[in-house]
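Undergrad: Please see the structure below; I have some questions.
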Amino acid sequence: KAGVTQTPRYLIKTRGQQVTLSCSPISGHRSVSWYQQTPGQGLQFLFEYFSETQRNKGNFPGRFSGRQFSNSRSEMNVSTLELGDSALYLCASSLLGLEQYFGPGTRLTVT
Amino acid sequence: AQTVTQSQPEMSVQEAETVTLSCTYDTSESDYYLFWYKQPPSRQMILVIRQEAYKQQNATENRFSVNFQKAAKSFSLKISDSQLGDAAMYFCAYRLGNYGQNFVFGPGTRLSVLP
Chain E
63 KAGVTQTPRY LIKTRGQQVT LSCSPISGHR SVSWYQQTPG QGLQFLFEYF SETQRNKGNF
123 PGRFSGRQFS NSRSEMNVST LELGDSALYL CASSLLGLEQ YFGPGTRLTV T
Chain G
225 AQTVTQSQPE MSVQEAETVT LSCTYDTSES DYYLFWYKQP PSRQMILVIR QEAYKQQNAT
285 ENRFSVNFQK AAKSFSLKIS DSQLGDAAMY FCAYRLGNYG QNFVFGPGTR LSVLP
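Chains as they are written, first to last, in the numbering used here: chain E, 63 to 173; chain G, 225 to 339.
This is how it looks when you write it as structure tokens:
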């Protein structure tokens, strides 16, 4: 079975721009979670989608949003980028929300 | 709110030796799961081991085992016969047993394996 894939792997954006990251879960997994990883804050939970519905949300501003499609693929959008948004964004998929399987991440750099 | 603490930012171990990584967590719940994840320099997080809070028996996966002390809210990871490939960041994580609850991760411990 193919693992979790994330595109793009690297991204450089300018402050004020917006960005969309994509995540394709393991086949059959209906839960997709997003995390932001930074050296200072560690791994922080953004949100989780299950069957196209946001099931759980972390403590991030409204600039961070996501969605999930009927094929379970998920996208995460960040609008009005700030320098502090520079991070590794990890996506994880899960069959029933228990064990999570992570993708390789998208490294976002905001200049 | 649940919190996960890993008090050792960095650790090192000699190849073939045993090392124990510490993790404590804070929760008032009784039904939850604990995990150890490994993140090698390539960055892909890998599940190492899982422990259900209702199970008294400590989980074991090959060279990896845990010491789960529920009353003390402690969940340490023991790596036996350490190998160079074990070098990575190790994250302890907590998840409530209720369906749909998010994971809470500790800050991580960077493990170096010395040849």
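Just so you know, even glycine gets a beta-carbon here, dropped at the ideal spot from N, CA and C.
As the structure is a prediction and not an experimental result, all values here were calculated from the model.
Let me check understanding here. Comparing Cα to Cα, which of GLN293(G), THR229(G), LEU338(G), PHE288(G) lies closest to LYS302(G)?
TA: Nearest C-alpha to LYS302(G): PHE288(G).
Undergrad: Can SER345(G) and SER246(G) be called in contact, C-beta distance under 9 angstroms?
TA: One cannot answer for residue 345(G) here, as it falls past the ends of chain G, which runs 225 to 339.
Undergrad: Any beta-carbon of chain E closer than 9 angstroms to the one on MET235(G)?
TA: So no, MET235(G) is outside the interface.
Undergrad: List the endpoints of the continuous beta strand (DSSP E) containing ILE303(G).
TA: Start and end: 298 to 303.
Undergrad: What does DSSP give as the partner residues of GLN184(G) in its beta bridges?
TA: Residue 184(G) lies beyond the range of chain G shown here (225 to 339); nothing can be said about it.
Undergrad: Can you tell me the Cα-Cα spacing of SER136(E) and GLU110(E), whole angstroms?
TA: Their backbone Cα atoms lie some 10 angstroms apart in a straight line.
Undergrad: Which chain E residues sit within Cβ distance under 7 angstroms of PHE329(G)?
TA: Those within 7 angstroms of PHE329(G) in chain E are GLY104, LEU105.
Undergrad: Just how far apart, CA to CA, sit ARG129(E) and GLN68(E)?
TA: Going from the Cα of ARG129(E) to the Cα of GLN68(E) covers about 15 angstroms.
Undergrad: So the candidates are LEU170(E), HIS91(E), ASN133(E), LEU152(E); which of them puts its Cα closest to the Cα of GLY146(E)?
TA: Selected option, being the one with the closest Cα: LEU170(E).
Undergrad: List, from N- to C-terminal side, the beta strand (DSSP E) runs of 3 residues or more that fit wholly inside the region 242 to 281 of chain G.
TA: Fully enclosed beta strand (DSSP E) runs of 3 or longer: 243 to 245, 248 to 250, 256 to 263, 270 to 276.
Undergrad: Run through DSSP, which three-state label would GLY146(E) get?
TA: Three-state DSSP puts GLY146(E) in a helix.
Undergrad: Excluding sequence positions up to five away, which residues of its chain have a Cβ less than 6 angstroms from the Cβ of ALA341(G)?
TA: Since the displayed chain G opens at 225 and closes at 339, residue 341(G) lies outside it and no answer follows.
Undergrad: List the whole-angstrom C-beta distance separating ARG77(E) from LEU143(E), where the pair is believed to meet the contact cut-off of C-beta under 8 angstroms.
TA: The Cβ separation is near 6 angstroms, so the contact holds.
Undergrad: DSSP three-state label for LEU108(E), please.
TA: It is a strand residue.
Undergrad: Going straight from the alpha carbon of GLN98(E) to that of GLU285(G), what length do you get?
TA: Whole-angstrom Cα-Cα distance: 28 angstroms.
Undergrad: Taking a cut of 7 angstroms between CB atoms, which residues from the region 291 to 306 of chain G lie near chain E?
TA: Under the 7 angstroms Cβ criterion, the region 291 to 306 of chain G contributes no residue.
Undergrad: By the DSSP assignment, the beta strand (DSSP E) with LEU308(G) in it spans what residues?
TA: Taken as a continuous stretch (DSSP letters only), LEU308(G) belongs to no beta strand (DSSP E), as it is neither H nor E.
Undergrad: What residues of chain E sit near GLN268(G), judged by a beta carbon separation below 7 angstroms?
TA: Under the 7 angstroms cutoff, chain E gives PHE164, PRO166.
Undergrad: Out of curiosity, what's the CA-to-CA distance linking SER113(E) and VAL140(E)?
TA: Each residue's Cα considered, the two are about 21 angstroms apart.
Undergrad: Between PHE288(G) and chain E, is the shortest Cβ-Cβ distance under 9 angstroms, so that the two count as touching?
TA: So no, PHE288(G) is outside the interface.
Undergrad: What is the rounded straight-line gap between the Cα of THR294(G) and the Cα of ALA154(E)?
TA: As written in the sequence, residue 294(G) is Lys, which differs from the Thr given in the question. Going from the Cα of LYS294(G) to the Cα of ALA154(E) covers about 27 angstroms.
Undergrad: When the Cα of ASN291(G) is compared with those of GLY309(G), THR248(G), THR333(G), TYR256(G), which residue comes out closest?
TA: The candidate whose alpha carbon is nearest that of ASN291(G) is THR248(G).
Undergrad: Contact criterion: CB-CB distance below 9 angstroms. Does LEU271(G) meet it with respect to chain E?
TA: Taking Cβ atoms only, chain E reaches closer than 9 angstroms to LEU271(G), which makes this a yes.
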